[in-house]
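Visitor: The structure is given below, and queries will be raised subsequently.
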Amino acid sequence: MKIQKHDGCLPVKPFGLSRHVLAAPSWVMPGSLAENCRFLAGRVDEIGLLFFESKACLAYTRQDLPPDLAALPLSWHIHLPLDLPWPNGRKAAEIALRLMEKAAFLGARRAVLHPPAAENANALEGFIREWTRAGRSPASLLLENTAANDLTPCLPWIQNHGLGFCLDFGHMLLYGQTAALLRALPELGSPAMIHWNAPGPSGGSAGHGGLNSLSPAELALGRRIFALAPKGSVMMAELFDWRLFEESFPILRAWDLQTAPAAARGLSAGLPL
Ligand SMILES: [Zn+2]
760 MKIQKHDGCL PVKPFGLSRH VLAAPSWVMP GSLAENCRFL AGRVDEIGLL FFESKACLAY
820 TRQDLPPDLA ALPLSWHIHL PLDLPWPNGR KAAEIALRLM EKAAFLGARR AVLHPPAAEN
880 ANALEGFIRE WTRAGRSPAS LLLENTAAND LTPCLPWIQN HGLGFCLDFG HMLLYGQTAA
940 LLRALPELGS PAMIHWNAPG PSGGSAGHGG LNSLSPAELA LGRRIFALAP KGSVMMAELF
1000 DWRLFEESFP ILRAWDLQTA PAAARGLSAG LPL
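All letters in the sequence shown, in the order written, are residues 760 to 1032 by the numbering used here.
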């Protein structure tokens, strides 16, 4: 084996974080899902498979999800569809469970779920019943704050069933949810995942912007939110453009170094920010 010379610093992946799992979505450039995943292997730790459309994703074949993806040095989670048939929680869960099975060969166990709209929050009951009946843990289901639900209506289910949650920073800013979410944090618990993006020029999820478009006040809030995430949580730069990912990553790394314990900071000293 050839040993490369180095300057004394530990080798670190170009886009790694010291205490968190760095993730990217399965769409960062034009191309197939498999092409995107192969590109991301070695660049990030985990991929969030974007199963946004129920019908199209249920129809995925071995060509769309080739078996050799399992050999890539990656962990995986699934972003469940945005068009689930709420308020029918049972039916929504059936679709979600079929999609989980499709990606089972990758070892994906966790899923991000856009909950039903606030007024239909009780539809979660049926969803969770089916999910756990299939042998899946409530903690593997991460509810995300969306335009239609800032998660506070979901608190009874999050607390009673031990569901996880995924904080979408861009949604939080875009939909004016900061105060409500910060107030609810003691009941929500720690975020298992954070989606990092800035409210984009076109608004909505399609307009996810890079972190360098955040204002100084938003950056200060981002750093505070970053520090809330426990060790081992997933930091997903939810940007659908690799250029935006590359531009945003230094901000995540800076927060990582600022919020890491002194020992971890020492190991990473000298790395370019
Ligand atoms: Zn998100």
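Beta carbons are placed, not taken as given, at the ideal position from N, Cα and C, and that holds for glycine.
By a C-beta neighbour count over all protein chains shown, 10 Å radius and 16 as the cutoff for buried, is glycine 963 buried or exposed?
Guide: At glycine 963, the pLDDT of 45 sits below 50, so the modelled position is not reliable and the matter cannot be decided from this model.
Visitor: Could you give the uninterrupted runs of the beta strand (DSSP E) lying entirely in the stretch 889 to 937, keeping only those of 3 residues or more?
Guide: 900 to 903 and 923 to 927
Visitor: How far does the beta strand (DSSP E) with glutamate 805 in it reach, from first residue to last?
Guide: 805 to 809
Visitor: Taking the alpha-carbon positions, what's the aspartate 739 to alanine 882 distance?
Guide: The displayed coordinates of the chain run from 760 to 1032. Any statement about residue 739 would go beyond what the structure contains.
Visitor: Quick test of the definition: if touching needs 3 or more C-beta pairs under 8 Å, does the stretch 829 to 845 touch the stretch 804 to 811?
Guide: The stretch 829 to 845 and the stretch 804 to 811 touch, with no fewer than 3 CB-CB distances between them shorter than 8 Å.
Visitor: Heavy atom of ligand 1 less than 8 Å from the Cβ of histidine 930, yes or no?
Guide: yes
Visitor: Enumerate in chain order the residues of its own chain whose CB-to-CB distance from lysine 850 is below 6 Å, with the five nearest sequence positions on each side excluded.
Guide: Pro844
Visitor: Check for me: the beta strand (DSSP E) holding tryptophan 786 runs from which residue to which?
Guide: Where tryptophan 786 is concerned, there is no enclosing beta strand (DSSP E), given that its DSSP letter is neither H nor E.
Visitor: Taking glutamate 853 and histidine 873 to be in contact with their CB atoms under 8 Å, please state how far apart those CB atoms are, rounded to whole angstroms.
Guide: Contact flag wrong, Cβ pair sits at about 17 Å.
Visitor: Tell me where the beta strand (DSSP E) around tryptophan 835 begins and ends.
Guide: It spans 834 to 838 - the beta strand (DSSP E) in which tryptophan 835 sits, taken as one unbroken run.
Visitor: Strictly closer than 6 Å from CB to any heavy atom of ligand 1: give me those residues in the order they appear in the chain.
Guide: Contact residues of ligand 1 (beta-carbon closer than 6 Å to any heavy atom; chain order) are Glu903, Asp927, His954 and Glu997.
Visitor: Does the beta-carbon of arginine 1002 have 16 or more other beta-carbons within 10 angstroms, so that it is buried, or is it exposed?
Guide: With a 10 Å radius around the Cβ and a threshold of 16 neighbouring Cβ atoms, arginine 1002 comes out exposed.
Visitor: Which whole-angstrom value is the C-beta distance of aspartate 900 and alanine 870, which I expect to be below 8 Å?
Guide: The displayed chain sequence assigns leucine, not aspartate, to residue 900. The pair is a contact, with the Cβ atoms about 6 Å apart (cut-off 8 Å).
Visitor: Go to leucine 856, then tell me how far its beta strand (DSSP E) extends in each direction, as first and last residue.
Guide: DSSP places leucine 856 in no beta strand (DSSP E) but in the uninterrupted alpha helix (DSSP H) bounded by 848 to 861.
Visitor: Quick one: any contact between the stretch 826 to 835 and the stretch 776 to 796, if contact means 3 or more CB pairs under 8 Å?
Guide: yes
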